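Student: Numbering (full-length UniProt numbering), first residue to last: 1 to 567. Ideal Cβ positions, reconstructed from N, Cα and C, are used throughout, including at glycine. The structure displayed is predicted, hence computed values, not measured ones. Okay, here's the structure, questions in a sec.
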């Protein structure tokens with residue numbers, strides 16, 4: 001379609017004056033007698049006056065607007081009057097506070113708190129302030145604790161006081177631990193009692209029995225419950241807290257002599273398995289969209305469900321958790337649950353999970369438990385093109401940092417070596433093997449060997465393997481001890497892993513990957529690499545000779561056939 005180049009004539013601009021802005025000034029005209037001439041004269045005069053007032057220049061209106069915008073707030077002309085007014089307001093405020101009960105007591109306690117909280121004061125002076133404060137509130141500690149402005153005073157008493165003074169506070173609060181846990185400031189007092197009063201820990205933990213499901217849903221009490229579960233409860237107490245998620249039966253009727261794990265319940269009463277899993281599913285669904293999904297006790301519930309649920313049920317939960325896995329993999333149970341999600345998830349869900357990892361890839365690789373989930377991804381995802389564009393590409397960009405990190409190095413070596421005991425924890429290797437053997441055939445199309453070969457080649461091809469020089473040319477003895485294994489050389493380990501993958505070494509040699517050069521330069525792997533490459537060259541040469549012989553035989557055969565046809 002041709003575009004016309006003719007210029008259109010611009011419409012004639014009308015010479016219009018700016019519209020006069022209406023002024024708020026009005027002119028009053030005196031009322032005259034019924035003389036018509038005087039009325040006409042007065043009307044004309046008034047109209048002319050209003051026109052003069054209304055027709056202000058635009059420059060003047062802009063200047064007035066700018067002055068209003070830039071005008072500074074007026075200050076009190078009489079500063080003494082403002083001071084007197086503030087003083088009067090302060091006195092009124094003090095009078096209102098004085099009407100409250102225990103005003104003088106709280107006021108004196110705050111003075112003592114100022115002495116006990118400051119670290120620049122001598123410890124004797126701080127402890128003396130604690131003693132005086134306790135003498136003042138003895139018998140009233142519970143009342144004082146529930147006042148929001150006195151919570152810090154009780155915290156300082158628990159921190160600075162001796163064991164006897166701490167136990168005195170805990171004794172008066174022993175019936176209020178659960179209620180305190182739900183308060184914004186009271187929760188810190190319960191945490192201090194757990195930390196500084198060993199004889200009252202059992203009492204604090206037992207106060208949550210029967211209320212775990214309710215407390216985990218509240219923002220304040222969930223913090224205390226997390227502190228109990230991760231730091232102070234033993235394995236039996238942890239099981240007692242967890243089993244309340246299995247159903248009301250286990251929350252009300254507790255057997256103090258023996259706690260029940262989900263494995264024991266299913267083994268002793270198989271008919272209860274469906275009920276327990278159904279209750280767990282309801283709890284997990286109700287907590288997914290809340291901050292409490294980051295708590296360790298919730299991670300244990302998710303792990304229990306994924307461990308004992310059927311394949312379809314586990315796959316359904318994995319689909320729901322795909323956006324939350326990045327939030328739970330920092331704990332041991334959460335990382336195990338994340339591993340199971342990768343093996344149960346559909347290819348589409350796995351892709352969604354990997355997208356959530358992209359922003360936190362370095363942090364995940366270098367976490368004690370977080371890198372487990374990444375290893376599970378490398379084992380379970382059979383789409384090597386996707387892994388090359390997402391995970392391995394991100395790892396290649398930070399490979400120098402990962403090679404010098406205790407846990408990041410395991411991810412790199414897993415790509416190269418797979419489930420080798422020299423590069424990973426033995427228990428983790430067995431878990432990955434079992435999951436791979438059981439679940440991978442249900443969700444994957446490619447074989448593990450082909451998948452591993454592609455991932456190794458992609459990593460080496462993307463990084464040009466310059467960073468692996470440090471791995472090949474040094475023993476990494478100290479770092480290997482951190483991993484938990486003693487091996488003479490990581491270079492030999494890398495070479496072994498390459499030789500285990502069919503045709504990987506010739507592919508690397510042909511593509512010019514520098515890892516092969518590093519293997520040839522290292523005194524620890526030089527001879528073996530030469531030998532293997534020599535064998536490969538011999539095989540290639542023999543194949544080439546055989547091919548030449550076959551081609552020569554075919555040529556002779558064709559010549560004989562051509563001669564016979566001519567004859």
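(1) Rounded to whole angstroms, what's the CA-CA distance from residue 352 to residue 412? Just pull it up for me.
(2) Reducing DSSP to helix, strand and coil, say where residue 477 ends up.
(3) Is it buried or exposed, residue 245, if we count other Cβ atoms within 10 angstroms and call 16 or more buried?
(4) For residue 414, count neighbouring Cβ atoms within 10 angstroms of its own Cβ and tell me buried if that reaches 16, exposed if not.
(5) I think residue 381 touches residue 350, with their Cβ atoms under 8 Å apart; what is that distance to the nearest whole Å?
(6) Would you mind working out which of 151, 113 and 215 sits nearest residue 186, comparing C-alpha positions?
(7) Helix, strand or coil: how does DSSP classify residue 76 here?
(8) Apart from the five residues just before and just after residue 532, which ones in its own chain have a Cβ nearer than 7 Å to its Cβ?
(9) Using a 10 Å radius around the Cβ and a threshold of 16 neighbouring Cβ atoms, would you call residue 315 buried or exposed?
(10) Check whether the Cβ atoms of residue 369 and residue 332 sit closer than 8 Å, and answer yes or no.
(11) Counting beta carbon pairs with one atom in the stretch 153-172 and one in the stretch 117-134, are three or more of them shorter than 8 Å?
(12) Whole angstroms is fine: what's the gap from residue 300's alpha carbon to residue 325's?
(13) Are the stretch 267-274 and the stretch 288-295 touching by the rule of at least three beta carbon pairs closer than 8 Å?
(14) Within this structure, are the beta carbons of residue 339 and residue 373 separated by less than 8 Å?
(15) Do the CB positions of residue 233 and residue 262 come within less than 8 Å of each other?
(16) In chain order, what residues of the same chain have a beta carbon less than 8 Å from the beta carbon of residue 103, not counting five sequence neighbours either side?
(17) Determine the burial state of residue 80: buried for a count of at least 16 other Cβ atoms within 10 Å of its Cβ, exposed for fewer.
(18) When the Cα atoms are used, what is the spatial distance from residue 239 to residue 260?
(19) Is the CB-CB distance between residue 212 and residue 225 below 8 Å?
(20) Could you tell me the alpha carbon to alpha carbon distance between residue 141 and residue 173, rounded to whole angstroms?
(21) So, is residue 252 buried or exposed, given that buried needs 16 or more other C-beta atoms within 10 angstroms?
(22) For residue 495 versus residue 520, is the C-beta distance shorter than 8 Å?
(23) If you run the structure through DSSP and keep just helix, strand and coil, what is residue 150?
(24) Identify, in the order they occur along the chain, each residue of the same chain with its Cβ nearer than 8 Å to the Cβ of residue 216, setting aside the five sequence neighbours on each side.
(25) Once DSSP output is grouped into helix, strand and coil, what is the label at residue 119?
(26) If residue 115 and residue 107 are in contact, beta carbons under 8 Å, what's the gap, nearest whole angstrom?
(27) Grouping DSSP H, G and I as helix and E and B as strand, with all else coil, what is residue 383?
(28) Measure the CB-CB distance between residue 254 and residue 220 and report whether it falls below 8 Å.
(29) Quick check on the DSSP output: the alpha helix (DSSP H) that includes residue 574 runs from which residue to which?
(30) Verify whether the separation of the beta carbon atoms of residue 208 and residue 168 is less than 8 Å.
(31) In this structure, does DSSP put residue 299 in helix, strand or coil?
(32) Assuming residue 345 contacts residue 319 under a Cβ cut-off of 8 Å, what Cβ separation, rounded to an integer in Å, is found between them?
(33) Assuming residue 347 is part of the alpha helix (DSSP H), what are its boundary residues?
(34) Which residue marks the beginning of the alpha helix (DSSP H) containing residue 393, and which one marks its end?
(35) Where does residue 197 sit, in a helix, a strand or coil, going by DSSP?
(36) Please tell me whether residue 343 and residue 435 are closer than 8 Å, where the distance is taken between their beta carbons.
Tutor: So, from the listed chains and residues:
(1) 23 Å
(2) Its pLDDT being 39, under 50, residue 477 is placed unreliably in this model, and the value from its coordinates should be taken loosely. Residue 477 falls in the helix class under three-state DSSP.
(3) buried
(4) buried
(5) 5 Å
(6) 151
(7) Below a pLDDT of 50, predicted positions are generally treated as unreliable, and residue 76, at 46, falls in that range; no measurement from the model is reported.
(8) 499 and 505
(9) buried
(10) yes
(11) yes
(12) 13 Å
(13) no
(14) yes
(15) no
(16) 97
(17) exposed
(18) 7 Å
(19) yes
(20) 8 Å
(21) exposed
(22) no
(23) coil
(24) 222, 225, 287, 292, 295, 297 and 298
(25) coil
(26) That belief does not hold up - the Cβ atoms of residue 115 and residue 107 are roughly 14 Å apart, past 8 Å.
(27) coil
(28) no
(29) Because the chain spans 1 through 567 in this model, residue 574 falls outside it and cannot be assessed.
(30) no
(31) helix
(32) 7 Å
(33) 347-357
(34) 391-397
(35) coil
(36) yes
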